[in-house]
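Participant:
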Amino acid sequence: MKQRGWAAWWRRVKGSSNQPKRGSPPPGGLSAVSQGTDTKRFFSDSFLPLPGRIPFESLHLYRRLRDSIPDISDAVWTWKRLCQTERKVLIEELGNGVSRDAVLNRLTAFENRINMRGGGLAGLLDLFYSSLFTFGAAALEAVPGGACSGIHDVVPVDVWTVRFRHNGQRLMPWQVTDGNEIALPEDFFFYVGLDRDGTNPYGRSMIAALPGLVRIQQELLSDMARATRNAGWNRLHVRYHPEDRETEEEPEAYKERIRTNLHRLSDVLKSTDIDQNLITLDNVSVEVLAGNQRNQVFYENHKAVEEQVITGMHMMPVLLGRNYGSTETYGTAQFEVVNRQVQTVNRQVADMLTRIYSLELALSGINARVRVSLEGNRTVDVLRAAQTRRVEIDTTLRLLEQGLISEREAKARLQRADS
1 MKQRGWAAWW RRVKGSSNQP KRGSPPPGGL SAVSQGTDTK RFFSDSFLPL PGRIPFESLH
61 LYRRLRDSIP DISDAVWTWK RLCQTERKVL IEELGNGVSR DAVLNRLTAF ENRINMRGGG
121 LAGLLDLFYS SLFTFGAAAL EAVPGGACSG IHDVVPVDVW TVRFRHNGQR LMPWQVTDGN
181 EIALPEDFFF YVGLDRDGTN PYGRSMIAAL PGLVRIQQEL LSDMARATRN AGWNRLHVRY
241 HPEDRETEEE PEAYKERIRT NLHRLSDVLK STDIDQNLIT LDNVSVEVLA GNQRNQVFYE
301 NHKAVEEQVI TGMHMMPVLL GRNYGSTETY GTAQFEVVNR QVQTVNRQVA DMLTRIYSLE
361 LALSGINARV RVSLEGNRTV DVLRAAQTRR VEIDTTLRLL EQGLISEREA KARLQRADS
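Residues in the sequence shown are numbered from 1 upward in steps of one, following the working numbering.
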């Protein structure tokens, strides 16, 4: 029964042979709609729309912008690595007969077991953060093992296939692949959306604000490249002074002779190598136009658009190699703001990991309650951070000695300071 139950689950996750596997994009990187499936079924009215009723096809555009626009690619790259901080598992409650070592050993084995071919838990979180900062949402699904064997594996779910619909007072997650609607198990499905609007469960991608700016930026770069290339090379300006018309020469014949001379002169110029010189009569003059034009308008315009792209990705200029201030305080202030944003995102991810770890313990038959925390990034001023930490510890110990707080409250204060 154990093997049969797990096999049934795996068939549902994997799907039939003629359906795309979960966690992999549709063939060619396109959605099922663009391949001729039933669009009414794909965009079922019963499913909640994305914020602003943006079509789900836009999610593929966000991925393309992330892969092809340097500023967006750099921002996503930076965000997900800033969020990959050290994890801590705090044991908050132990059941009767359950030891601390047994819980930690079980969770360590769990981390080593999942996503073995994709880099373990670190690789899984890298995919998770990449999706989170590209599409504004990320999802995972736990695959349970047999009885008391915990979670067999945790797999990523492509968020562009995830839909939600109301079922009474509850939101039910569904996956739409190849025109088929599959109900996702609530207890084993984990979804995080950034900047959610009210009751709308979908997250909002940062890239949603950028397509217009990206179009302007790329057009400006193209114009700047062509104008710079045009102005950066020396050119010859050849002037031909037509001879006077002969006495008995007809006007049309005179015009034809002038055109013929111009064509001959053009042919001579085109066939002249760079180490050859021109020999002409005195009715032809040659001037050199030096490529010394400098135009700062392009740079200023591009800088203005670039700053909008950086702001749209919620990045600070200093983290993308642009620092417009001359003091260390300017860069430090930017980094501190970014760390606050990282902590906000990681609180949601830590809550998700806490649910996954708790599910592993529950399926393993271990009665314990744990909490996962993700540490912040190291501050720029290490000495100041250490002094602040020492003051926090001393203050907490004095309050404990005076009996103003309990030992449990003191421990909680110090744990909050660590997290």
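Glycine included, each C-beta is placed from N, C-alpha and C at the ideal position.
Can you tell me whether DSSP reads Pro-251 as helix, strand or coil?
Facilitator: Here Pro-251 sits in helix by DSSP.
Participant: For Phe-42, is the classification buried or exposed, using 16 other Cβ atoms within 10 angstroms of its Cβ as the cut-off for buried?
Facilitator: The pLDDT assigned to Phe-42 is 41, lower than 50, so where the model puts this residue is not dependable, and the model offers no usable value.
Participant: What residue from Pro-173, Ile-274, Glu-336 has the CA that sits closest to Leu-140's CA?
Facilitator: The residue with the shortest Cα to Cα distance from Leu-140 is Pro-173.
Participant: State yes or no: is the C-beta of Ser-373 within less than 9 Å of the C-beta of Leu-104?
Facilitator: Going by C-beta atoms, Ser-373 is not nearer than 9 Å to Leu-104.
Participant: Measure the C-alpha to C-alpha separation of Pro-242 and Asp-223 and round it to an integer number of angstroms.
Facilitator: Looking at the two C-alpha atoms, the distance is approximately 37 Å.
Participant: With a floor of 4 residues, list each alpha helix (DSSP H) that falls wholly inside the stretch 69-94, ordered by position along the chain.
Facilitator: Listed in chain order, they are 70-83.
Participant: Say whether the stretch 333-351 touches the stretch 96-111, bearing in mind that this needs 3 or more beta-carbon pairs closer than 8 Å, one atom from each stretch.
Facilitator: Contact between the stretch 333-351 and the stretch 96-111 is absent, because fewer than three Cβ pairs lie under 8 Å.
Participant: Residues in its own chain within less than 7 Å of Tyr-254 by CB, not counting five upstream and five downstream?
Facilitator: For Tyr-254, where only same-chain residues beyond five positions count, the Cβ hits under 7 Å are Arg-245.
Participant: How about Phe-133 and Met-206: are their beta carbons less than 9 Å apart?
Facilitator: In contact: Phe-133 and Met-206 (Cβ atoms closer than 9 Å).
Participant: Can at least three beta-carbon pairs, one atom from the stretch 160-168 and one from the stretch 48-63, be found at a separation below 8 Å?
Facilitator: Verdict: yes, contact present.
Participant: At the level of alpha carbons, what is the spacing between Glu-409 and Leu-48?
Facilitator: Near 43 Å, if we compare the C-alpha coordinates of Leu-48 and Glu-409.
Participant: Which first and last residues belong to the alpha helix (DSSP H) in which Ser-149 is found?
Facilitator: Ser-149 -> no alpha helix (DSSP H), and no H or E assigned at all.
Participant: Can you name the residues that DSSP bridges to Tyr-202?
Facilitator: In DSSP, Tyr-202 forms no bridge with anything.
Participant: By Cβ distance below 8 Å, which residues in the same chain neighbour Leu-414 in space, the five residues on each side in sequence not counted?
Facilitator: Counting only Cβ-Cβ distances below 8 Å, and skipping sequence neighbours, we find Glu-392, Ile-393, Thr-396.
Participant: Among the candidates Ala-350, Leu-359, Glu-287, whose CA atom is the shortest distance from the CA of Gly-376?
Facilitator: Considering only alpha carbons, the answer is Ala-350.
Participant: Look at the alpha carbon of Phe-128 and the alpha carbon of Leu-220, and state the distance between them as a whole number of angstroms.
Facilitator: Going from the Cα of Phe-128 to the Cα of Leu-220 covers about 33 Å.
Participant: Closer than 8 Å is the cut-off here; do at least three beta carbon pairs connect the stretch 303-313 with the stretch 68-78?
Facilitator: Yes: at least three Cβ pairs fall under 8 Å.
Participant: Pick helix, strand or coil for His-314, following the three-state DSSP scheme.
Facilitator: Residue state, collapsed to three classes: coil.
Participant: Ala-138 and Ser-131 look like a contact to me (Cβ under 8 Å); what is the Cβ gap, rounded to whole Å?
Facilitator: At roughly 4 Å, the Cβ-Cβ gap stays under 8 Å, so Ala-138 and Ser-131 are in contact.
Participant: Assign Gln-175 to one of three DSSP states: helix, strand, or coil.
Facilitator: If DSSP states are grouped into helix, strand and coil, Gln-175 belongs with the strands.
Participant: Count the other CB atoms, across all protein chains shown, that sit within 10 Å of the CB of Leu-262; report buried if there are 16 or more and exposed otherwise.
Facilitator: Result: exposed.
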